[in-house]
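Engineer:
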Amino acid sequence: MSSAASPASRTVLVTGATSDIGWETARLLAGRGDTVIVHAPDQVSGDDAVARLAAAGVDVLRLRLVVADFSRLDEVRAMAVRIAEEHPVLDVLVNNAAVAAPERRTVTADGNELSFQVNFLAAYLLTHELAGPLSARPGARVVNVSSSMHRTASISWNDPQRAKRYSRLAAYAQSQLALTVFAREKAPWTSVSVHPGVCDTGLLPLYAHEGDPAAEGAARVVRLCDPATELVPGAYYDRTALSPAAPAAMEDRTVRRLCKLADQLVTAESA
Numbered sequence: 022m023s024s025a026a027s028p029a030s031r032t033v034l035v036t037g038a039t040s041d042i043g044w045e046t047a048r049l050l051a052g053r054g055d056t057v058i059v060h061a062p063d064q065v066s067g068d069d070a071v072a073r074l075a076a077a078g079v080d081v082l083r084l085r086l087v088v089a090d091f092s093r094l095d096e097v098r099a100m101a102v103r104i105a106e107e108h109p110v111l112d113v114l115v116n117n118a119a120v121a122a123p124e125r126r127t128v129t130a131d132g133n134e135l136s137f138q139v140n141f142l143a144a145y146l147l148t149h150e151l152a153g154p155l156s157a158r159p160g161a162r163v164v165n166v167s168s169s170m171h172r173t174a175s176i177s178w179n180d181p182q183r184a185k186r187y188s189r190l191a192a193y194a195q196s197q198l199a200l201t202v203f204a205r206e207k208a209p210w211t212s213v214s215v216h217p218g219v220c221d222t223g224l225l226p227l228y229a230h231e232g233d234p235a236a237e238g239a240a241r242v243v244r245l246c247d248p249a250t251e252l253v254p255g256a257y258y259d260r261t262a263l264s265p266a267a268p269a270a271m272e273d274r275t276v277r278r279l280c281k282l283a284d285q286l287v288t289a290e291s292a
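Under our numbering, think of the first position of the sequence shown as 22, with each following residue one higher.
1. Do A256 and A204 have their CB atoms nearer than 9 Å?
2. Taking 9 Å as the threshold (C-beta atoms), are P62 and T39 in contact?
3. Excluding sequence positions up to five away, which residues of its chain have a Cβ less than 7 Å from the Cβ of V97?
4. Quick check: what's the CA-CA separation for Y258 versus V166?
5. Expressed to the nearest angstrom, what Euclidean distance is found between the alpha-carbon atoms of L74 and G54?
6. When you compare only the Cα positions, how much space is there between A236 and T129?
7. By DSSP's criteria, Y258 is part of a beta bridge. Which residues make up the other side?
8. Would you call the stretch 103-114 in contact with the stretch 166-184, where contact means no fewer than 3 C-beta pairs closer than 8 Å?
9. May I have the straight-line CA-CA distance separating R278 from A289, to the nearest angstrom?
10. Specify, as a first and last residue, the run of the alpha helix (DSSP H) that T148 falls within.
11. In the structure shown, what three-state DSSP assignment does D273 receive?
12. Between which two residues does the beta strand (DSSP E) harbouring R85 extend?
13. Secondary structure at V194, three-state DSSP: helix, strand or coil?
14. In the DSSP assignment, the beta strand (DSSP E) including T46 goes from what residue to what residue?
Set out below in structure tokens:
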């Protein structure tokens, strides 16, 4: 039976759900009675994540595993097709998958800077590819797990792949700004972005020496997935508080420009 907080079982996709905030988010949502689609970058880490969720007391009948390496956009597309076939209704998409930008600039097989693709372009493509399931029932939500670091960023419009001048912090921050801006794209569902707090995860070294437990960050994400939580469309949340995003993320012109750029980059790979 579903808990009182979740009167009807919903279907939720959590990307990057094999560790840290993503894994804890999947655990909390399944515990509320939702069917959780657990995304993993590969089968081995996915099987391990599901086994750990089961060991943590999660009902494995509530879990569905999907696999896609977000550094390969063709795998993102294939995963979206499978999800749409098996889950014609998707109530929540949590775009959580993220990597720290490497010390040395790394380019994916699709020709994109690694963190820009994994942290933003894959989420952009996946969200659009799942437009059917997300539009199937009123009240669907897309929660982009972003970062306060988006405030330090700028989108290098003339060199989004950072080929001319690369810094891992600048590349990572750009990907987080893009994800925050993307939450403001007009869509039939409600999109928001959230900084879940500086948490003790694999990304911690980018921020600080210590942070909140990943479960606390996940609880802040899950709160935004809850239909009982009223959301402001396109808004940015700092932990649990509605917060002004960086000025660049508030401009409609920037939203249009970013989506046009993303369309070009994800379409180029499918051509």
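Every residue, glycine too, gets a C-beta built ideally from N, C-alpha and C.
Structural biologist: Looking at the coordinates:
1. For A256 and A204, yes; Cβs fall inside 9 Å.
2. Contact annotation: T39 and P62 have beta-carbon atoms nearer than 9 Å.
3. If we look at V97 and ignore the five residues flanking it on each side, its Cβ neighbours are A89, F91, A143, L146, L147.
4. Distance between the alpha carbons of Y258 and V166: 10 Å.
5. Their Cα atoms are separated by approximately 14 Å.
6. Distance between the alpha carbons of A236 and T129 is about 31 Å.
7. Y258 pairs with V215, L263.
8. Taking 8 Å as the limit for Cβ pairs, the verdict is that the stretch 166-184 does not touch the stretch 103-114.
9. Distance between the alpha carbons of R278 and A289 is about 17 Å.
10. First-last of the alpha helix (DSSP H) with T148: 143-150.
11. Helix at D273.
12. Taken as a continuous stretch (DSSP letters only), the beta strand (DSSP E) holding R85 covers 84-88.
13. According to the sequence displayed, residue 194 carries Ala and not Val. Of the three classes helix, strand and coil, the one that applies to A194 here is helix, per DSSP.
14. Taken as a continuous stretch (DSSP letters only), T46 belongs to no beta strand (DSSP E), being part of the alpha helix (DSSP H) at 41-52.
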